[in-house]
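Okay, structure first, notes after.
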Amino acid sequence: MNVAATLMQLRAVAFPPLPGGETDDGAAAVADPVVFPRSATATAAVDVVDDDVAVAVAPRTYRERRFDAILSSPVASLRELRKLAWNGVPQHMRPTTWKILLGYLPANASRREGAMRRRREEYRDAVRRHYDVPDDSRTYAEQETLRQVLVDVPRTAPDVPLFRDPRVRRCLGRLLYVWATRHPASGYVQGINDLATPLLAVFVGECLGDVVDGDGMADVLDGSRMVDVTDRMMEDVEADAYWCLTSLLSGIQDHYTSDQPGMQRMVMRLEELVNRIDAELASHLRDTGIEFMQFAFKWMNCLLLREFRLPCVMRLWDAYFSEGDGGFEDFHVYVCASFLVHFSPTLRQMGFDELFQFMQNMPTDDWGDREVEILLSSAFVLSTLFGGSEAHLNVVRH
Numbered sequence: 001m002n003v004a005a006t007l008m009q010l011r012a013v014a015f016p017p018l019p020g021g022e023t024d025d026g027a028a029a030v031a032d033p034v035v036f037p038r039s040a041t042a043t044a045a046v047d048v049v050d051d052d053v054a055v056a057v058a059p060r061t062y063r064e065r066r067f068d069a070i071l072s073s074p075v076a077s078l079r080e081l082r083k084l085a086w087n088g089v090p091q092h093m094r095p096t097t098w099k100i101l102l103g104y105l106p107a108n109a110s111r112r113e114g115a116m117r118r119r120r121e122e123y124r125d126a127v128r129r130h131y132d133v134p135d136d137s138r139t140y141a142e143q144e145t146l147r148q149v150l151v152d153v154p155r156t157a158p159d160v161p162l163f164r165d166p167r168v169r170r171c172l173g174r175l176l177y178v179w180a181t182r183h184p185a186s187g188y189v190q191g192i193n194d195l196a197t198p199l200l201a202v203f204v205g206e207c208l209g210d211v212v213d214g215d216g217m218a219d220v221l222d223g224s225r226m227v228d229v230t231d232r233m234m235e236d237v238e239a240d241a242y243w244c245l246t247s248l249l250s251g252i253q254d255h256y257t258s259d260q261p262g263m264q265r266m267v268m269r270l271e272e273l274v275n276r277i278d279a280e281l282a283s284h285l286r287d288t289g290i291e292f293m294q295f296a297f298k299w300m301n302c303l304l305l306r307e308f309r310l311p312c313v314m315r316l317w318d319a320y321f322s323e324g325d326g327g328f329e330d331f332h333v334y335v336c337a338s339f340l341v342h343f344s345p346t347l348r349q350m351g352f353d354e355l356f357q358f359m360q361n362m363p364t365d366d367w368g369d370r371e372v373e374i375l376l377s378s379a380f381v382l383s384t385l386f387g388g389s390e391a392h393l394n395v396v397r398h
């Protein structure tokens, strides 16, 4: 297969109509083998309150019913949940889905409430032992860690009003410090603060039971709904985010140890991959003096959180969590390669200064799920050609 031609085709062809919705007889239609389907939207339902009043209720889609069936079953099938989540998780189902895929909640539904209660209390105990202590009882290293965390928290997602909320900032600072003190092999490294933001946003949204897809998440991110979130809710949000961040980082911890070997390995793999799929772009970058480490290190360190708006990152992470242990390392490299090659025609016309500035501020402000899904589709092609990926090989064969 001609890889460059395949990628060019993916870039040139607009996102096709959904091929994987529900058929008339209720069965799933066969999905396209390359471009992953989004959920088919059902027509709005109407509840009749009495003979004269009809109230519109939120439509339920075929995919939502499938998520419901998995999440409400006595033991959730992780394989089926991964396959379904790869195509995107409805916003109101994302918190539970992420927690299960990260191993924070057990697949066994009857054990979830007890397990979550124990983990939340364990985290609160860790806060009491590590954070709520006099400053003079901290070691010098702990004082330096706390200082750096407190410096970085106000810099985290500065354009998102939610992360300017004082309670959210306090939660972020505590969970980062506690994580660092309990993981001395790596400690706190700048960039970890960014990784906590999608988790906090999703779990704050979980506190608001009426938050749904679309504008509902915008209400969370703009901070306008924080008045509805109690302090006790925020304690639970913080604990859940801590444990999910811990699970996420456990698979990429060598990204944040001394010399960050995992990060360097990913940048090298990205450069090798781009050389294979777009030799002309790779050659142009070399000729103009742009090194991959100059722009791609940030992509690996912050997992593209500084290149995309948070809703786009959440959609990416649906797929990453579905990939299991390799999502944030192996598959992320394919996503970064697809992201870079997407801009290849523009980049090949630029000199050093233009390239450097462009790489520091990638034009993704108007990106949404459609663009992210094209990016994931392209990354899927690359991973199939050059590495394979068990989680999504069967995702379109419903």
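With the first letter of the sequence shown counted as 1, position 112 gets the number 112 in the UniProt record's numbering; the numbers rise by one all the way through. Don't be surprised by glycine CBs; every beta carbon is placed ideally from N, CA and C.
Residue interval of the alpha helix (DSSP H) (run including residue i)
i      : result
Val168 : 166-182
Asn275 : 261-277
Leu347 : 344-347
Asp240 : 231-250
Asn108 : It is not in any alpha helix (DSSP H) - Asn108 carries neither H nor E in the DSSP assignment.
Trp317 : 310-322
Val372 : 369-386
Ser72  : 62-72
Cys207 : 192-207
Tyr140 : 140-152
Met359 : 352-360
Phe292 : 292-301
Pro161 : Unbroken run through Pro161: none, as it is neither H nor E.
Ala85  : 78-85
Residue i and residue j closer than 8 Å at C-beta
i           : j      : result
Leu199      : Leu245 : yes
Glu272      : Arg348 : no
Val274      : Phe297 : no
Gly88       : Arg276 : no
Leu303      : Leu176 : no
residue 400 : Leu310 : Here the chain comprises residues numbered 1 to 398, so residue 400 is not present and cannot be evaluated.
Ser344      : Asp278 : yes
Trp86       : Ala319 : yes
Arg174      : Glu238 : yes
Val75       : Ala107 : yes
Ala157      : Thr257 : no
Thr288      : Phe352 : yes
residue 435 : Trp243 : Shown here, the chain extends from 1 to 398; a query on residue 435 therefore has no answer.
Cys171      : Met217 : no
Tyr188      : Gln143 : no
Option nearest residue i by Cα separation, candidates the options
i      : options                        : result
Val227 : Ala107, Trp243, Ser72, Val204  : Val204
Arg79  : Gly88, Leu101, Pro90           : Leu101
Ala241 : Trp86, Ala76, Leu105           : Leu105
Asn301 : Phe328, Tyr320, Asp278         : Phe328
Arg169 : Ala180, Ser186, Tyr188, Asn193 : Asn193
Ser110 : Pro134, Ser72, Asp68, Asp330   : Ser72
Val153 : Phe292, Gln190, Pro363         : Gln190
Ile70  : Leu81, Phe331, Ser283, Thr61   : Leu81
Asp364 : His342, Leu385, Gln294         : In the sequence as presented, Asp is not what sits at residue 364; that position holds Thr. When only C-alpha atoms are compared, the closest one is His342.
Asp231 : Cys207, Gln253, Asp219         : Cys207
Met359 : Phe386, Asp330, Met293         : Met293
His284 : Met350, Gln91, Gln253          : Met350
Met116 : Arg370, Asp132, Thr96          : Thr96
Glu371 : Val229, Gly387, Val313         : Val313
Glu373 : Asn361, Trp317, Thr384, Gln264 : Trp317
Counted within 10 angstroms of its Cβ, other Cβ atoms place residue i as buried (16 or more) or exposed
i      : result
Leu221 : buried
Thr346 : exposed
Glu113 : exposed
Leu382 : buried
Val49  : Caution applies to Val49, whose pLDDT of 38 falls short of 50 and renders its modelled position unreliable; the value that the coordinates give is listed next. Flag for Val49 reads exposed.
Val333 : buried
Phe380 : buried
Glu122 : exposed
Ala337 : buried
Glu323 : buried
Leu150 : exposed
Arg65  : exposed
Val178 : buried
Asp219 : buried
Glu291 : exposed
Ala141 : exposed
Arg63  : buried
Asp24  : Because Asp24 carries a pLDDT of 35, less than 50, the predicted location of this residue cannot be relied on, and no value is offered for it.
Val335 : buried
Arg128 : exposed
Residue i at chain C interface by Cβ criterion, 8 Å
i      : result
Phe297 : Among the chains in the structure shown there is no chain C, since it carries only a single protein chain.
Whole-number beta carbon distance between residue j and residue i, since they are thought to touch under 8 Å
i      : j      : result
Val202 : Arg94  : 5 Å
Leu146 : Arg138 : 7 Å
His255 : Thr181 : No, His255 and Thr181 are not in contact; Cβ-Cβ is about 19 Å, not under 8 Å.
Gly251 : Pro161 : Not confirmed; about 31 Å, so no contact.
Asp330 : Gly387 : 6 Å
Residue i: CB within 7 Å of a non-hydrogen atom of the ligand FMN
i      : result
Trp243 : Absent from the structure shown: the ligand FMN. Ligands present: none.
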